[in-house]
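Numbering-wise (this note's numbering), the sequence shown opens with residue 152 and increments by one. We put the CB at the ideal spot given by N, CA and C, even for glycine. These notes are about the structure you will find just below.
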Amino acid sequence: MLNQEFAVVKRVRTAVFPVAGLGTRFLPATKALPKEMLTVVDRPLIQYAVDEAREAGIDHFVFVTGRNKGVIEDHFDRQFELETTLEVRGKIAALSELRKDLPSAGRTSFTRQQEPLGLGHAVWCAREIVGNEPFALLLPDMLFRGKRGVLKQMMETYEETGGNVIAVEPVPAADVSSYGVVARGEGPDSGFRVTGMVEKPKREEAPSNLIISGRYILQPDIFTLLADQPRGAGGEIQLTDAMQTLMQQQPFVGVQYEGQSFDCGSKIGFLTANVAYALGRDDIASDFLAALAKLGLDSALSEGIRDAAE
Ligand code: G1P
Numbered sequence: 152m153l154n155q156e157f158a159v160v161k162r163v164r165t166a167v168f169p170v171a172g173l174g175t176r177f178l179p180a181t182k183a184l185p186k187e188m189l190t191v192v193d194r195p196l197i198q199y200a201v202d203e204a205r206e207a208g209i210d211h212f213v214f215v216t217g218r219n220k221g222v223i224e225d226h227f228d229r230q231f232e233l234e235t236t237l238e239v240r241g242k243i244a245a246l247s248e249l250r251k252d253l254p255s256a257g258r259t260s261f262t263r264q265q266e267p268l269g270l271g272h273a274v275w276c277a278r279e280i281v282g283n284e285p286f287a288l289l290l291p292d293m294l295f296r297g298k299r300g301v302l303k304q305m306m307e308t309y310e311e312t313g314g315n316v317i318a319v320e321p322v323p324a325a326d327v328s329s330y331g332v333v334a335r336g337e338g339p340d341s342g343f344r345v346t347g348m349v350e351k352p353k354r355e356e357a358p359s360n361l362i363i364s365g366r367y368i369l370q371p372d373i374f375t376l377l378a379d380q381p382r383g384a385g386g387e388i389q390l391t392d393a394m395q396t397l398m399q400q401q402p403f404v405g406v407q408y409e410g411q412s413f414d415c416g417s418k419i420g421f422l423t424a425n426v427a428y429a430l431g432r433d434d435i436a437s438d439f440l441a442a443l444a445k446l447g448l449d450s451a452l453s454e455g456i457r458d459a460a461e
């Protein structure tokens with residue numbers, strides 16, 4: 152249905168990762184270290200987001216960085232000294248894992264958001280690199296576990312509907328004011344019409360309990376709107392406000408994805424993600440459970456956490 156309204160479905164090849172945020176909620180850890188390099192078990196948050204994009208078929212990775220973020224660029228580069236040492240020591244598995252994590256040569260781009268003016272402004276900073284093409288946008292704070300990545304699920308919907316696609320999930324009413332929230336129109340959970348959206352509404356003004364989960368597929372027309380977008384919630388240039396305007400011209404489709412999410416922008420979400428991912432790892436789960444048991448954590452509870460993570 153939506154496809155007829157927006158006839159040409161152009162392939163999405165590029166993903167944008169806004170990584171300029173100061174990470175003040177994790178100070179002092181983030182004084183010198185970008186928050187996107189904080190690890191869940193042994194992988195930095197940004198690596199999970201890049202993995203998710205690669206699984207969805209993305210082959211160009213655009214990072215909107217800021218001061219103190221140079222290490223993200225290093226992370227997605229080869230490290231010859233390290234590779235040589237691993238080779239000499241015969242650590243071939245570790246070496247091939249490292250190489251597997253890297254996007255192909257020439258497939259990463261970096262630009263800087265010079266001032267912290269908000270997510271909408273960060274996305275706008277990527278306009279010249281993205282060009283006149285639809286693109287995916289992944290906020291690395293949000294981490295997902297499931298059989299299929301969230302962006303992949305969205306891409307499947309996008310291939311049918313075209314337009315703009317955003318991932319949503321239900322949260323308790325008390326939490327809506329921390330997020331962007333959508334109004335749900337007709338259609339199944341795998342692709343319904345979004346009829347409105349608002350950034351960080353008061354609980355009583357939220358149009359639903361479906362929050363925007365930090366994964367988007369957007370048409371490039373958003374850049375023109377962002378160029379003149381007045382400041383919104385929190386005095387920042389908000390992507391949600393520009394999307395609400397674009398919605399008057401183009402369809403927006405919501406995808407209530409399958410999987411478990413962790414908001415690693417909060418300490419509780421981040422710590423929970425570490426427990427869930429550790430308990431999902433064959434190489435460490437049983438030792439970790441034993442260590443938790445020593446802390447007095449009831450083993451039935453830990454089994455429960457592990458089951459939910461699978
Ligand atoms: C941003 C978006 C918001 C979205 C959230 C997901 O908010 O503006 O719409 O729900 O990410 O994490 P932020 O977390 O930057 O305040």
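Handout entry: Y199, DSSP secondary structure in three states
Key = Indexing the sequence shown from 1 puts residue 199 at position 48. In the displayed model, Y199 falls within a helix according to three-state DSSP.
Practice task
Please say whether N360 and V322 have beta carbons closer to each other than 8 Å?
Solution key: Counting from one through the sequence shown, the residue named residue 322 turns up at place 171. Counting from one through the sequence shown, the residue named residue 360 turns up at place 209. Yes, the Cβ-Cβ distance between V322 and N360 is below 8 Å.
Exercise for the section: Determine the DSSP secondary structure at N360, reduced to helix, strand or coil. Expected result: To locate residue 360, count along the sequence shown from 1; it is residue 209. Coil at N360, not helix or strand.
Exercise for the section: Return the first residue and the last residue of the alpha helix (DSSP H) that Q401 is part of. Expected result: As a working mapping, residue 401 is identified with position 250 in the sequence shown. Q401 -> no alpha helix (DSSP H), and no H or E assigned at all.
Problem - 6 Å CB neighbourhood of P179 in its chain, flanking five on each side removed - result: Counting from 1 along the sequence shown, the entry for residue 179 is found at position 28. Closer than 6 Å at the Cβ level, and outside the excluded window around P179, lies no residue.
Handout entry: Extent of the continuous beta strand (DSSP E) to which I317 belongs
Key = For this step, residue 317 is matched to residue 166 along the sequence shown. From DSSP, the beta strand (DSSP E) with I317 extends over 315 to 321.
Exercise for the section: Look up L294 in the DSSP assignment and give the residues it is bridged to. Expected result: Sequence index remark: in the sequence shown, residue 294 carries index 143 (1-based). In the DSSP output, where bridge partners are listed per residue, L294 has F413.
Problem - DSSP state of T346 mapped onto helix, strand, coil - result: By one-based count along the sequence shown, residue 346 stands at place 195. The three-state reading of DSSP puts T346 in strand, counting E and B together.
Problem - F212, DSSP secondary structure in three states - result: As a working note, residue 212 is residue 61 in the sequence shown. Note: F212 maps to strand in three-state DSSP.
Handout entry: For R250 and L237, the rounded distance between their alpha carbons
Key = Counting from one through the sequence shown, the residue named residue 237 turns up at place 86. Counting from one through the sequence shown, the residue named residue 250 turns up at place 99. Straight-line Cα distance between these residues: approximately 12 Å.
Problem - Reduced DSSP category for Q304 - H, G, I as helix; E, B as strand; rest coil - result: To locate residue 304, count along the sequence shown from 1; it is residue 153. Of the three classes helix, strand and coil, the one that applies to Q304 here is helix, per DSSP.
Exercise for the section: Could you have a look at G447 and say whether DSSP puts it in helix, strand or coil? Expected result: If you number the sequence shown from 1, residue 447 lands on position 296. Looking at G447 - three-state DSSP - the assignment turns out to be coil, as it is neither helix nor strand.
Handout entry: Start and end residues, beta strand (DSSP E) containing F168
Key = Here residue 168 refers to the residue found at position 17 when the sequence shown is read from its first residue. Its beta strand (DSSP E) spans residues 165 to 169.
Problem - the region 194 to 214 / the region 440 to 449 touching (three or more Cβ pairs under 8 Å) - result: Not touching, per the Cβ criterion.
Practice task
Please say whether A207 and L302 have beta carbons closer to each other than 8 Å?
Solution key: Residue mapping note: residue 302 aligns to position 151 of the sequence shown, counting from 1. Residue mapping note: residue 207 aligns to position 56 of the sequence shown, counting from 1. Contact: yes.
Handout entry: Cβ-based neighbour list, G174, same chain, cut-off 6 Å, excluding 5 preceding and 5 following
Key = Here residue 174 refers to the residue found at position 23 of the sequence shown. Counting only Cβ-Cβ distances below 6 Å, and skipping sequence neighbours, we find T181, K186.
Handout entry: D210 Cβ short of 7 Å to the ligand G1P heavy atom set
Key = Counting from one through the sequence shown, the residue named residue 210 turns up at place 59. For D210, the CB stays at least 7 Å from every heavy atom of the ligand G1P.
Problem - Inter-residue Cα distance where the pair is R263 and L448 - result: Locating residue 263 in the sequence shown gives position 112, counting from the first residue. Locating residue 448 in the sequence shown gives position 297, counting from the first residue. The straight-line gap from Cα to Cα measures roughly 44 Å.
Handout entry: Simplified DSSP state of G365, which is helix, strand or coil
Key = Position 214 of the sequence shown, counted from the first residue, corresponds to residue 365. Strand, per DSSP.
Problem - Span separating the alpha-carbon of L92 from that of H272 - result: Nothing can be reported for residue 92, as the shown portion of the chain is limited to 152 through 461.
Practice task
Whole angstroms is fine: what's the gap from E284's alpha carbon to P371's?
Solution key: The residue labelled residue 284 in the question sits at position 133 within the sequence shown. The residue labelled residue 371 in the question sits at position 220 within the sequence shown. In this structure, the CA atom of E284 is about 6 Å from the CA atom of P371.
Exercise for the section: Please confirm whether any heavy atom of the ligand G1P lies closer than 7 Å to the CB of Y330. Expected result: The residue labelled residue 330 in the question sits at position 179 within the sequence shown. At least one heavy atom of the ligand G1P lies less than 7 Å from the C-beta of Y330.
Problem - Own chain, CB closer than 6 Å to R344, minus 5 neighbours either side, in chain order - result: Residue 344 sits at position 193 when you count from the first residue of the sequence shown. Taken in chain order, the residues that qualify are G336, E337, G338.
Practice task
Could you please give the first and the last residue of the uninterrupted beta strand (DSSP E) stretch that includes L289?
Solution key: Translated into the one-based positions of the sequence shown, residue 289 becomes position 138. Per DSSP, L289 is one residue of the beta strand (DSSP E) stretching across 286 to 289.
Practice task
Consult DSSP for Q155 and reduce its assignment to one of helix, strand or coil.
Solution key: The residue given as residue 155 occupies position 4 in the sequence shown. Its pLDDT being 48, under 50, Q155 is placed unreliably in this model, and the value from its coordinates should be taken loosely. Helix.
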